[in-house]
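Beneath this line is the structure, given in structure tokens, with notes to follow.
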Amino acid sequence: MTKNTAIQNAASIEETYELMKARLSRVVPDFELVHKAELAFKINRLKRHKNAVILAHNYMEPALYHSVSDYMGDSFELAKISAESDADIIIFCGVRFMAETAKILNPTRTVLLPAEKAGCSLAASLTGDDVRKLKARFPGVPVVSYVNTYADVKAETDICCTSSNAAKVITHLMERGHDRVIFLPDEYLAKNVAAEVGIPILFPSHPTSRKTDDPANFERVMLGWEGRCEVHEQFMVEDIENVRKQFPDVVILAHPECSPEVVNAADFSGSTRRMIEYVRDVDAPRYLLLTECSMGDNIVAENPHKEMLRLCSVRCPHMNLITLEDTLASLEQNRFEINLPEDLMNRARASLDRMLEIR
Ligand code: 13P
Ligand code: SF4
137 MTKNTAIQNA
147 ASIEETYELM
157 KARLSRVVPD
167 FELVHKAELA
177 FKINRLKRHK
187 NAVILAHNYM
197 EPALYHSVSD
207 YMGDSFELAK
217 ISAESDADII
227 IFCGVRFMAE
237 TAKILNPTRT
247 VLLPAEKAGC
257 SLAASLTGDD
267 VRKLKARFPG
277 VPVVSYVNTY
287 ADVKAETDIC
297 CTSSNAAKVI
307 THLMERGHDR
317 VIFLPDEYLA
327 KNVAAEVGIP
337 ILFPSHPTSR
347 KTDDPANFER
357 VMLGWEGRCE
367 VHEQFMVEDI
377 ENVRKQFPDV
387 VILAHPECSP
397 EVVNAADFSG
407 STRRMIEYVR
417 DVDAPRYLLL
427 TECSMGDNIV
437 AENPHKEMLR
447 LCSVRCPHMN
457 LITLEDTLAS
467 LEQNRFEINL
477 PEDLMNRARA
487 SLDRMLEIR
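Numbering of the sequence shown is given in the working numbering, commencing with residue 137 and proceeding in unit increments.
Here is the structure:
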């Protein structure tokens, strides 16, 4: 989505409030906007003073997303932007693995994460040690890791991917003669990508893994891990059936971290950016996003004529930790700074650079 320059350049709290109201009145109650406009005005003023930029993931709450963000996007877009930024400070309004990625790609900048505990269940599901063990078990097999991993995993990885380029990365490796690829850590993304590129997938670390599941029995195969996104794993085919019963004309979009059954039952699947573009470009009476609920509000704020249904009982507790209050405190107090050992960053950067080189 595009930065709202007018809000960012507003000369007073009152003007900030009026401009925020024009954009957000469908999704944020007025009494809350009064409070948020004051915070947004202070953040925008301080950001200019400190030569800072705010990168906001598409899951950020609508007031923050539309009033203080210089760049909004999915993890791939934000990784590219952070690599190229010449700001002194990058405030990452997202989760820790995203802020780490920004630091790894642009180590001379100060990178701040407004909420210290903003983690991710996928990133927490795998360690560098786990990857070393897999590499010892499958020597020479390239390791592809989703960016939803911490620096210790990226340092053991050959090439990173995001939800928007995972299939491309697997195809790239297979075309270069790699018949086996280790794909970590998201079980569902791995299954969805395997189906997209038409390659079988095994989970060798699963206790029920059988002898016939030996990768040697397959001409080409992906080897996965069983990490899950605690948000997307909650969506069920039954949710889709229930919504379609009530709204037969709904168009349903599912993030590829949802189960393959959910992705197959949906009308479209793609990264958060692709979902935003789909709703913008395809006319439908109403849409349902099977992903973090704030994104629906962010779309409505920019496309007020679009009707979004909500399944808002499913939220990302980590993304939701990032508030305007904490973003202001982050700017004022330079907190919470991302610092990583240089050697780890150098090894992790190689895997991100390889991803960014693939067109
Ligand atoms: P995107 O890269 O599609 O924005 O996804 C990031 C994420 O964490 C989804 O849960
Ligand atoms: Fe991690 Fe899932 Fe939250 Fe995305 S939505 S940050 S994958 S826990």
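Glycine included, every Cβ here is placed at the ideal spot set by N, Cα and C.
Nearest-angstrom beta carbon gap, residue j and residue i [assumed within contact, 8 Å]
| i | j | result |
| --- | --- | --- |
| T463 | V204 | 7 Å |
| T244 | V283 | 21 Å between Cβ atoms; not a contact. |
| P421 | D385 | 5 Å |
| N187 | D224 | 4 Å |
| T285 | P321 | 6 Å |
| P198 | N434 | 5 Å |
| L467 | K183 | 7 Å |
| R104 | I335 | There is simply no residue 104 to check, as the chain begins at 137 and stops at 495 in what is shown. |
Three-state secondary structure (DSSP) of residue i
| i | result |
| --- | --- |
| A192 | strand |
| S449 | coil |
| S487 | helix |
| A215 | helix |
| R316 | strand |
| I494 | coil |
| L175 | helix |
| L325 | helix |
| M234 | helix |
| G209 | strand |
| G334 | coil |
| I143 | helix |
| I412 | helix |
| A390 | strand |
| R422 | strand |
| T246 | strand |
| M455 | helix |
| L372 | Looking at the sequence provided, one finds Met at residue 372 rather than Leu. The answer is coil: DSSP assigns M372 none of H, G, I, E or B. |
| L359 | strand |
| Y286 | coil |
| V279 | strand |
| E438 | helix |
| E428 | coil |
| M137 | coil |
| E292 | coil |
| F228 | strand |
| E468 | helix |
| S300 | coil |
The ligand MG heavy atom lying under 8 Å from the CB of residue i
| i | result |
| --- | --- |
| N180 | Only the ligand 13P and the ligand SF4 can be found as ligands here, which leaves the ligand MG out of the picture. |
Any non-hydrogen atom of the ligand 13P closer than 8 Å to residue i Cβ
| i | result |
| --- | --- |
| S407 | yes |
| Y195 | yes |
| G284 | The question names Gly, but residue 284 in the sequence shown is Asn. N284 Cβ: within cutoff of the ligand 13P. |
| C256 | yes |
| D210 | yes |
| S300 | yes |
Contact set for residue i: own chain, Cβ-Cβ below 6 Å, skip 5 residues either direction
| i | result |
| --- | --- |
| L504 | No information on residue 504 is available, as it lies outside the stretch 137 to 495 that the chain covers here. |
| A302 | V329 |
| H391 | H368 and T427 |
| N140 | H202 |
| A219 | L241 and N242 |
| D349 | L338 |
| L424 | V379, V386, I388 and L445 |
Any non-hydrogen atom of the ligand SF4 within 8 Å of residue i CB
| i | result |
| --- | --- |
| A259 | yes |
| N482 | no |
| E428 | yes |
| V231 | yes |
| C448 | no |
| M455 | yes |
| V367 | yes |
| E393 | yes |
| C297 | no |
Cβ neighbours of residue i in the same chain (closer than 7 Å, five flanking residues each side left out)
| i | result |
| --- | --- |
| E461 | L175 |
| S257 | R364, C365 and E366 |
| A326 | F319, I337, M358 and G360 |
| G264 | D288, V289, A291 and E292 |
| S221 | V189, N242 and R245 |
| V373 | E397, V398 and A401 |
| V436 | R162, V163, K442 and M444 |
| E252 | F472 |
| H454 | V231, A254, G255 and C256 |
Proximal residues to residue i (C-beta, below 8 Å), its chain only, five neighbours per side dropped
| i | result |
| --- | --- |
| S487 | S281, K290, A291, T293, D294, I295 and C296 |
| A409 | The residue asked about is misnamed: residue 409 is Arg in this sequence, not Ala. So the qualifying residues of the chain are N194, G209, D210, F212, E213 and S300. |
Cutoff 9 Å: residue i Cβ touching any chain C Cβ
| i | result |
| --- | --- |
| K290 | Checking the listed chains, one finds no chain C in this structure; it contains a single protein chain. |
Should the segment 172-182 be called in touch with the segment 441-451, which here means at least 3 C-beta pairs below 8 Å?
The answer is no - the segment 441-451 does not touch the segment 172-182, with fewer than three Cβ pairs under 8 Å.
Meets three-Cβ-pair contact criterion under 8 Å: the segment 190-206 and the segment 217-230
yes
Using a Cβ distance threshold of 8 Å, determine whether the segment 155-165 contacts the segment 394-401, with at least three qualifying pairs required.
no
Count Cβ pairs between the segment 259-266 and the segment 467-478 that sit closer than 8 Å; are there 3 or more?
no
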